[in-house]
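K.L.:
According to mature numbering (1 follows the signal peptide of the UniProt record, and there is no 0), the sequence shown holds residues -28 to -1, 1 to 957 in order. Here a beta-carbon is modelled for each residue, glycine too, at the ideal position from N, C-alpha and C. I have a structure here, written as structure tokens, and I will follow up with some questions on it.
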Amino acid sequence: MISITLFWCFASIHLFLLLSMPISLCLGFSPSLRQNIKCVESERQALLSFQQRLTDEYGILSSWVNNDCCNWSAVRCSNKTEGHHVIGIDLRGSHDKYLKGEVGSSSLTQLSRLKYLDLSYNQFDRILLEDIGSLVNMNYLNLSYNWFKTALPPHLGNLSKLSVLDLGNNYWSSGNLRWLLSLSSLQHLDLSRGDFGGANDWVGVINQLPLLQSLSLSDCNLPPPILSSHSYTNFSRFLVELDLSLNLDLNSSIYHSWLINFTNIVHLNLAYNNLEGLSFDDFGNMTSLVSLDLSGTQVNFHSLKSFQSLRNINLLDLSGNIIRGLLSDFLKALHPRVLNSLQYLSLRINEFCGFLPNFTMLPSLKHLELSDNMLNGTIPQNSGQLSNLEYLDLHSNSLSGNIPQNLGQLSNLKYLDLGWNSLSGTIPQNLGQLSNLEYLDLHSNSLSGTIPQNLGQLSNLEYLDLHSNSLEGEVSEAHFSKLINLKRLDLSNNSLSLNLKTDWVPSFQLDYIILGQCNLGPLFPEWLRTQTPTLIDISFAGISDIVPHWFWNNLSPGMDLSGNKMMGEIPNLSLKFNMAPVISLKSNKFVGRIPAFLFQAEFLHLSSNDFSDLSGLCEIVNSPLETLDLSDNQLSGQLPDCWDSMLHLKILNLSNNYFFGDVPHSIGNLIHMESLVLRNNQFSGGLPFLFNLTYLGVIDAMNNNLSGTIPSWIGSKIPYLTILNLKSNHFHGNLGRGLCNLKYIQILDISSNNVSGSIPTCIRNFNALTQTLFSGHPNYETDIFMVWKGGERHITGQVMDLVRSIDLSCNHLSGKIPYEITQLVELIILNLSRNELTGQIPDKIGRLQSLESLDLSRNHLSGPIPSHLSQVFRLGVLDLSYNNLSGKIPMGTQLQGFSTSSYEGNPYLCGDPLKKCSEDINQEPNINNVHVENENEDEDKLFGREFLISMAFGFIVGFWGIFGSLVLNRRWRHAFFKFFRCENN
């Protein structure tokens, strides 16, 4: 959108001035033409009535006080011969000064001679277009950029003298545009951002505006037009500027049926229409084109012969297409005349490859965008010769080498983006000479060394982003000495240390402060007191201090203080926010009560602190919270039952605290919930209230005291479950067929419970475990603890998307391992150990080629090890111990590579790595008489006096070292006895 805005800024400014300047001059808006005249009293009263409905926070109408409204600012009157009537009002606002309120209510209807009205760039709640439609002498009407939504009444068709109508960048809607037919004098028409999805006659209407020179219908939801044979009888021969961008329903037929007639077009913008089927050569007859935007249009650019006929092009945007090949070949296709005059070139988001060409062939170039391509090599050393260049964007390529020193010679440069490349070396000192530079982005490269101090001389700089490099050294006040316009500062993910005086007062006012992983500590930075940013990130900044009271009073909408050692209690303030903030305080040392005002956030991450009081949760009504992470704190007691006030909540993490008692049933009212993590607490009771949470993707209640049966409705009522972790609780009963509706299940862990019965055969319905391309992974961050690769591991981040696991170990499951388990070809971890399973290992288990860990130990399995198991080459963990397996271990380096512990406790099993097989090894043993021989006692007598003393001492230390810890730490004690119970199954 940035490129489109800049594109049309260049393309339309001269035409707009041509249309508007003569009007404003003749109306007397030029100070040199103002006269000492007195306005009509009725019109003065009408203006005062109009003023009363406006909110003027910036004193724009402060001069509207005396008796002569002709001397008021923004008001212009006619000359004496016309009776000193008000004929012009210019109340055009700006981004920092604007009016609010309502326009209309009959006050403007008294200004019957009004010809010029500009109310653009304000924040009016409403504009009564019916009243404005009565001003029949109007010649110029501009209501653009007010951003409100309303229907367009047909009354505007009364303004038959209009030559300029600009309603752009509001949210108008209209079923048809036939009211435009009365505006036969229109030369400039802008209806952009409106919704005209029902106006399928729009082409026929536009064709009947014979004087039209400039038309913008950008982002208007235009439908494909209905055309008739007489649609072109009166179409304008003067149209030179046309913008139909961002109308996704327009296709290539619009070109063949309509646009082909406008051969004199000068400025054409068709960006982000679906023009698939058109070739770039179709535009070769538009030889008058000066600016052309075909970005995101899917036009076929394989043939570029028409470039030779487009000799007048100086603004060209072909970004967001699939143009392949060498960039140098593309430029050679341009006519030499174009190469000499081209000012704007945007080819971003394509597939250009190869080295950057010699840009000195483009001497007039002002704007160059080549980002998001596949360009490599170095930036040409002669790039500094592009003396007119104002905008250079090369980010997201594969450029390497140093940043050329002579870029510092581009004295007109305002925008420089080299981010997301592989550039190395230091930041050139002479970049500090680019006095016009407003935007500098070098992030995500391999730049090293220090930041040049003379960057602090760039008084026009608004945006500075150097994050994710290898920069080091100190940053002092000198680096910011003249950056009076700086709005965004990002130095994060470097090895920088900000050495700033405690009494330093910056000359800038930042909107974004991003200093994560920079050293700002150990004291809290006092200079932040002068800033009121929208976003502040001082995470992992080495701060070990109490956060001052003033910081909480000026809380930013986005705030990340994580990874420090900030301490103390957060004050209980009565703060109200205009917009819900995003707050992360994780991994600090905050203590005490969590204040109520924090629960007004949309995202609140308080994990890994020492908070102990959650009572403030119930003080907020209609909280906007969507994510709440309270894990790893000292919160205890029963969980507050006031979750009805947080109906937007999607992610709730309460893990690693000391909560006990039933989980409040009000959590069952959080119908938008996607992830519920209760891990490592002492919750009891069941989970019957979860059946309302249709969108749940994660239930992690591992290590609690939950009980009851596995709900039979869990698959039908919660169909999108991706992770179900009920490990180490007290669930009993059968697994139940309800689980078999979990086609998205990725991780299923019901280990260490009291579940009995057989494993249901309908596990074949676990589509995420049977289909290679099926993914049930949730689109939000989560984590889990699971047994993998020989131990319990904490799985987070991108690894989560790789894990497919079933763990039913440490239960009382019986019967055979179902054959259907061999259909779960995406399984990585399968653990059925410590149950009462019988029968043979399924012969086709070798089909599980993704399997990395298989544990079937401590069951009653019999028969041979399937030979196909030796073909599972990813298998890194195997435990078949303590079963009744017999026969020879299949040959293959995979199974022979495991230690004897993988097979021990199977006395009739032989072969490498166990003992060699005897001749009668194939005889089936009588499993009723199988017994495991005790290990031979050591015959050497070592119990001397010294040994007995050492043993006694070791017993005392070991016993109290372990059991003393269990006595003192409730969470360890809780986990140990659950583990002990599992081990003895």
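Using only alpha-carbon positions, find the residue among F234, N246, Y244 that is nearest to F255.
P.N.:
As a position in the sequence shown, residue 255 is number 283, starting the count at 1. Residue F234 is the option with its Cα nearest to F255.
K.L.:
Whole angstroms is fine: what's the gap from P126's alpha carbon to L86's?
P.N.:
Within the sequence shown, residue 126 is the residue found at index 154, counting from 1. Within the sequence shown, residue 86 is the residue found at index 114, counting from 1. Between P126 and L86, the C-alpha separation is close to 20 Å.
K.L.:
May I have a chain-ordered list of the beta strand (DSSP E) segments no shorter than 3 residues that lie completely inside the segment 303 to 341?
P.N.:
With a minimum length of 3 residues, the continuous beta strand (DSSP E) runs that stay inside the segment 303 to 341 are 316 to 318, 323 to 327, 339 to 341.
K.L.:
Kindly indicate which residue of S858, N605, Q481 has the alpha-carbon position closest to the one of V563.
P.N.:
Taking the sequence shown and counting its residues from 1, one reaches residue 563 at position 591. Cα-wise, what sits closest to V563 is N605.
K.L.:
Would you report the Cα separation of K622 and L597, rounded to the nearest angstrom?
P.N.:
On the sequence shown, position 650 is the one that residue 622 refers to. On the sequence shown, position 625 is the one that residue 597 refers to. Going from the Cα of K622 to the Cα of L597 covers about 8 Å.
K.L.:
Would you tell me roughly how many angstroms separate the C-alpha atoms of K473 and S355, rounded to the nearest one?
P.N.:
Numbered from its first residue, the sequence shown carries residue 473 at position 501. Numbered from its first residue, the sequence shown carries residue 355 at position 383. C-alpha separation (whole angstroms): 39 Å.
K.L.:
Compare the Cα-Cα distances from L741 to each of L774, K133, G169 and report the closest residue.
P.N.:
The count along the sequence shown starts at 1 and reaches residue 741 at position 769. Among L774, K133, G169, the Cα nearest to that of L741 is on L774.
K.L.:
List the whole-angstrom C-beta distance separating N408 from N384, where the pair is believed to meet the contact cut-off of C-beta under 8 Å.
P.N.:
As a working mapping, residue 408 is identified with position 436 in the sequence shown. As a working mapping, residue 384 is identified with position 412 in the sequence shown. 6 Å between Cβ atoms; contact.
K.L.:
Closest to L153 by CA distance: which of K133, D509, Y143, W230 is it?
P.N.:
Position 181 of the sequence shown, counting from 1, holds the residue named residue 153. Minimum Cα distance to L153 is reached at K133.
K.L.:
Rounded to a whole number of angstroms, what is the C-alpha to C-alpha distance between I351 and L317?
P.N.:
Locating residue 351 in the sequence shown gives position 379, where the first residue counts as 1. Locating residue 317 in the sequence shown gives position 345, where the first residue counts as 1. Going by the C-alpha atoms only, they are around 17 Å apart.
K.L.:
Where do the ends of the alpha helix (DSSP H) carrying N525 lie?
P.N.:
Counting from one through the sequence shown, the residue named residue 525 turns up at place 553. Where N525 is concerned, the enclosing alpha helix (DSSP H) stretches over 521 to 525.
K.L.:
R501 by DSSP, collapsed to three states: which one?
P.N.:
Counting from 1 along the sequence shown, the entry for residue 501 is found at position 529. R501: helix per DSSP, three-state reduction.
K.L.:
From L602 to G687, what distance separates their C-alpha atoms?
P.N.:
Counting from 1 along the sequence shown, the entry for residue 602 is found at position 630. Counting from 1 along the sequence shown, the entry for residue 687 is found at position 715. Roughly 28 Å between the two C-alpha positions.
K.L.:
Have a look at K689 and Q743 and give me their C-alpha separation to the nearest angstrom.
P.N.:
Translated into positions along the sequence shown, residue 689 becomes position 717. Translated into positions along the sequence shown, residue 743 becomes position 771. Their Cα atoms are separated by approximately 23 Å.
K.L.:
When DSSP labels each residue in this structure, what does H749 get in the three-state scheme?
P.N.:
Reading the sequence shown from its first residue, position 777 is the one you call residue 749. In this prediction, H749 has a pLDDT of 44, which is less than 50 and means its spatial position is unreliable; what the coordinates show is noted afterwards. In the structure shown, H749 sits in coil (DSSP, three-state: anything other than H, G, I, E or B).
K.L.:
Using 9 Å as the threshold, is the C-beta distance between I555 and H577 below it?
P.N.:
By 1-based counting over the sequence shown, the position of residue 555 is 583. By 1-based counting over the sequence shown, the position of residue 577 is 605. Yes.
K.L.:
So the alpha helix (DSSP H) S21 belongs to, where does it begin and stop?
P.N.:
Working through the sequence shown from its first residue, we reach residue 21 at position 49. From DSSP, the alpha helix (DSSP H) with S21 extends over 13 to 24.
K.L.:
Helix, strand or coil for S874 per DSSP?
P.N.:
Sequence index remark: in the sequence shown, residue 874 carries index 902 (1-based). Three-state DSSP puts S874 in a helix.
K.L.:
Compare the C-alpha of G869 against each of D532, D253, F845, C889 and name the closest.
P.N.:
Translated into the one-based positions of the sequence shown, residue 869 becomes position 897. For G869, the nearest C-alpha among the options comes from F845.
K.L.:
Are the segment 234 to 250 and the segment 273 to 282 in contact at 8 Å, needing three or more beta carbon pairs?
P.N.:
These segments do not touch.
K.L.:
Should I813 go down as buried or exposed, given a rule of 16 or more other Cβ atoms within 10 Å for buried?
P.N.:
Taking the sequence shown and counting its residues from 1, the one referred to as residue 813 is at position 841. Under this definition I813 is a buried residue.
K.L.:
Count the other C-beta atoms from every protein chain shown that fall within 10 angstroms of the C-beta of P543, then say buried if there are 16 or more, exposed otherwise.
P.N.:
Translated into the one-based positions of the sequence shown, residue 543 becomes position 571. When all chains shown are included, P543 counts as exposed.
K.L.:
Closest to S396 by C-alpha separation, out of Q377, S116, S584, L406, would be which residue?
P.N.:
Residue 396 sits at position 424 when you count from the first residue of the sequence shown. The shortest C-alpha separation from S396 is found at Q377.
K.L.:
Decide if R460 is buried, meaning its Cβ has at least 16 other Cβ atoms within 10 Å, or exposed.
P.N.:
To locate residue 460, count along the sequence shown from 1; it is residue 488. Buried.
K.L.:
Rounded to the nearest angstrom, how far is the Cβ of N706 from that of N737, given a contact under 8 Å?
P.N.:
Sequence index remark: in the sequence shown, residue 706 carries index 734 (1-based). Sequence index remark: in the sequence shown, residue 737 carries index 765 (1-based). The Cβ separation is near 17 Å, so there is no contact.
K.L.:
Span of the beta strand (DSSP E) holding Y411?
P.N.:
If you number the sequence shown from 1, residue 411 lands on position 439. Segment 411 to 413, the beta strand (DSSP E) holding Y411.
K.L.:
Can you tell me the Cα-Cα spacing of L240 and M346, whole angstroms?
P.N.:
The residue given as residue 240 occupies position 268 in the sequence shown. The residue given as residue 346 occupies position 374 in the sequence shown. Their Cα atoms are separated by approximately 28 Å.
K.L.:
Here's a check: name, in chain order, each residue in its chain whose Cβ is nearer than 7 Å to the Cβ of D483, leaving out the five neighbours to either side.
P.N.:
Numbered from 1 along the sequence shown, position 511 holds the residue referred to as residue 483. These residues qualify, in order along the chain: K459, R460, P505, T506.
K.L.:
With distance defined between alpha-carbon atoms, name the residue in R165, W476, L642, A513 nearest to P494.
P.N.:
Taking the first residue of the sequence shown as position 1, residue 494 is located at position 522. Of the candidates R165, W476, L642, A513, the one whose C-alpha sits nearest the C-alpha of P494 is A513.
K.L.:
From what residue to what residue does the beta strand (DSSP E) around G859 run?
P.N.:
Working through the sequence shown from its first residue, we reach residue 859 at position 887. Taken as a continuous stretch (DSSP letters only), the beta strand (DSSP E) holding G859 covers 856 to 860.
K.L.:
Count the other C-beta atoms from every protein chain shown that fall within 10 angstroms of the C-beta of Q82, then say buried if there are 16 or more, exposed otherwise.
P.N.:
Locating residue 82 in the sequence shown gives position 110, counting from the first residue. The residue in question, Q82, is buried, as its Cβ has 16 or more Cβ neighbours within 10 Å.
K.L.:
Tell me which same chain residues have a C-beta within less than 7 Å of the C-beta of G658, skipping the five on either side of it?
P.N.:
On the sequence shown, position 686 is the one that residue 658 refers to. Excluding sequence neighbours, G658 sits near L678, S679, G680.
K.L.:
Out of curiosity, what's the CA-to-CA distance linking I178 and L155?
P.N.:
Against the sequence shown, residue 178 aligns to sequence position 206. Against the sequence shown, residue 155 aligns to sequence position 183. Looking at the two C-alpha atoms, the distance is approximately 10 Å.
K.L.:
Report the three-state DSSP secondary structure of C49 (helix, strand or coil).
P.N.:
Along the sequence shown, one-based indexing puts residue 49 at 77. If DSSP states are grouped into helix, strand and coil, C49 belongs with the strands.
K.L.:
What are the start and end residues of the beta strand (DSSP E) that includes I793?
P.N.:
Counted from its first residue, the sequence shown places residue 793 at position 821. Neither: I793 is in no beta strand (DSSP E) and is coded neither H nor E.
K.L.:
Ends of the beta strand (DSSP E) at G705?
P.N.:
On the sequence shown, residue 705 is found 733 positions in, with the first residue counted as 1. Unbroken beta strand (DSSP E) run through G705: 702 to 706.
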